[in-house]
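Written below as structure tokens is the structure these notes are about.
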Amino acid sequence: MFELLSPAGSMESLKAGIQNGADAIYLGGSSFGARASATNFDNDELIEAVKYAKLRNVYIFVTVNTSIKETEVEELISYTDFLYKIGVDAIILSDIGVAEVLRKRYPNMELHASTQISAHSLNDVLELKKVGFDRVVLARELSIEEIKEICDNVDIDIEVFIHGAICVSYSGQCLMSSMIGDRSGNRGRCAQPCRQSYKLINKTTGKAIDVNGSYLLSPKDLCSIENIEKILDTGVKSLKIEGRMKRPEYVAVVTSRYRKTIDNYINNKITDDKKALKEDLEAIFNRKFTSGYLMSKNGSDIINLDKPNNVGVKVGEVLNFNTKKRN
31 MFELLSPAGS
41 MESLKAGIQN
51 GADAIYLGGS
61 SFGARASATN
71 FDNDELIEAV
81 KYAKLRNVYI
91 FVTVNTSIKE
101 TEVEELISYT
111 DFLYKIGVDA
121 IILSDIGVAE
131 VLRKRYPNME
141 LHASTQISAH
151 SLNDVLELKK
161 VGFDRVVLAR
171 ELSIEEIKEI
181 CDNVDIDIEV
191 FIHGAICVSY
201 SGQCLMSSMI
211 GDRSGNRGRC
221 AQPCRQSYKL
231 INKTTGKAID
241 VNGSYLLSPK
251 DLCSIENIEK
261 ILDTGVKSLK
271 IEGRMKRPEY
281 VAVVTSRYRK
291 TIDNYINNKI
301 TDDKKALKED
311 LEAIFNRKFT
321 SGYLMSKNGS
331 DIINLDKPNN
341 VGVKVGEVLN
351 FNTKKRN
């Protein structure tokens with residue numbers, strides 16, 4: 031059946047995801063994760079997380095999805111030995127060389143190819159299977175049709191993102207943070223320069239061009255609540271929610287709304303409550319929503335020129351204010 035995969039940056043978020051219907055949780059330990067600035071889990075917390083999840087028949091996947099330096103291999107192996115020993119269900123990797131090493135070292139351990147690998151074609155997925163991966167997390171830049179083409183022609187689990195932040199560049203291929211801020215996104219230290227304000231300059235005149243906004247590179251958030259049936263019909267195995275740096279309340283709300291939508295699909299239950307579910311998702315956090323590349327959107331539909339963070343939900347307009355009456 032289908033798997034709903036929720037993020038956790040803390041034990042509170044992990045519990046929120048599990049208690050609201052997640053089939054699996056992905057999280058980062060103290061090393062080698064692509065969210066270095068998240069709270070993450072120390073080794074004792076990882077042990078606790080695995081125990082808590084297994085008692086509730088929920089899987090735990092741990093991210094080891096940064097590019098690994100040669101000088102770090104010994105430390106990496108020590109860390110993955112620990113993960114294997116405590117019983118994590120899968121390790122998420124973005125370094126193919128590391129995958130080859132771990133495949134030989136742990137023949138029975140599930141290895142998942144991170145979206146940071148930027149797998150965006152059938153050939154990519156087939157090659158990753160040869161390396162030894164059991165699952166591929168597809169690049170977030172694929173359409174429904176492209177995902178289905180892949181699913182129809184492989185016998186390996188496919189995972190796709192359905193909700194949360196998206197990148198202005200191909201996942202795993204953006205070097206802007208490294209070039210501008212000396213912080214590598216592929217080492218878990220993305221400074222998010224895409225969320226900063228910019229001016230578009232006419233090269234000939236040297237003057238700024240008015241584009242009705244300042245955040246020229248800041249993507250909206252992906253929301254797939256209205257398109258879950260189409261996504262599930264492609265044959266994907268796992269639906270992934272982005273958000274390891276989000277609050278437990280966010281994890282709870284987003285997980286529960288997608289859980290309900292997936293269950294309605296499984297039970298052939300036709301409902302008209304998607305609008306209400308989307309409103310709940312907007313209320314907890316949104317940078318404006320887009321159906322993204324999944325529904326072949328691009329350009330202005332992907333970017334929020336106005337604001338790089340939570341825009342909230344409009345509840346009304348202030349038409350007048352009397353400064354003399356402040357009660």
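For the sequence shown, this note's numbering assigns the number 31 to the initial residue and increments by one for each residue that follows.
In this text, a Cβ means the ideal position worked out from N, Cα and C, and glycines have one as well.
Residue i (DSSP reduced to helix, strand or coil)
i, result
"F112", "helix"
"G127", "helix"
"T101", "helix"
"G322", "helix"
"E42", "helix"
"L132", "helix"
"P249", "strand"
"P37", "strand"
"L230", "strand"
"D331", "helix"
"L168", "coil"
"I196", "coil"
"A306", "helix"
"A143", "strand"
"S208", "helix"
"D187", "strand"
"V281", "helix"
"S268", "strand"
"I90", "strand"
"A313", "helix"
"A120", "strand"
"I239", "strand"
"G215", "helix"
"L349", "coil"
"G58", "strand"
"P30", "Given a span of 31 to 357 for the chain in the structure shown, any question on residue 30 remains unanswerable."
"E256", "coil"
"A52", "coil"
"S201", "coil"
"A83", "helix"
"S244", "coil"
"K290", "helix"
8 Å Cβ shell around residue i - same chain, five flanking residues per side excluded
i, result
"I296", "M31, F32"
"F315", "D251, K276, Y280, N340"
"T291", "I255, I258, K304, L307"
Environment of residue i [buried if 16+ CB atoms lie within 10 Å]
i, result
"S40", "buried"
"V80", "buried"
"D251", "buried"
"S124", "buried"
"A169", "buried"
"P37", "buried"
"F351", "exposed"
"A282", "buried"
"L349", "exposed"
"E189", "buried"
"I122", "buried"
"S361", "The structure shown has nothing for residue 361, since the chain only spans 31 to 357."
"I48", "buried"
"K301", "Residue identity differs from the one stated: residue 301 is Thr in this sequence, not Lys. Classification of T301: exposed, given that the 10 Å Cβ count is below 16."
"T96", "buried"
C-beta contact flag for residue i and residue j at 9 Å
i, j, result
"T145", "G58", "no"
"E175", "Y200", "no"
"T110", "L132", "yes"
"G342", "A306", "no"
"N298", "R317", "no"
"L34", "A52", "yes"
"K308", "I255", "yes"
"L311", "H193", "yes"
"V161", "I126", "yes"
"I55", "V103", "no"
"L324", "I177", "yes"
"R274", "S43", "yes"
"E130", "I196", "no"
"V128", "I98", "yes"
"T285", "N50", "yes"
Distance between beta carbons of residue j and residue i, contact taken as under 8 Å
i, j, result
"Y245", "L269", "That pair is no contact at about 28 Å."
"C220", "S248", "Not really, about 13 Å apart at Cβ, beyond 8 Å."
"V92", "L113", "6 Å"
"S61", "D72", "Not quite, the Cβ-Cβ distance comes to about 10 Å (not below 8 Å), so this is no contact."
"G265", "D182", "7 Å"
Cβ shell of residue i (< 6 Å), same chain only, five flanking positions each side left out
i, result
"D187", "R165, K267"
"V241", "L230"
"I116", "I77, V80"
"V155", "A149, V166, I180, V184"
"I239", "L230, N232"
"Y228", "L246"
"F163", "L141, A143"
The ligand FAD heavy atom lying under 8 Å from the CB of residue i
i, result
"E104", "In terms of ligand content, the structure shown is empty, and the ligand FAD therefore cannot be addressed."
Sequence-distant residues of the same chain with beta carbon closer than 7 Å to residue i, five excluded per side
i, result
"K327", "T320, S321"
"L262", "F32, Y295"
"G211", "A221, P223"
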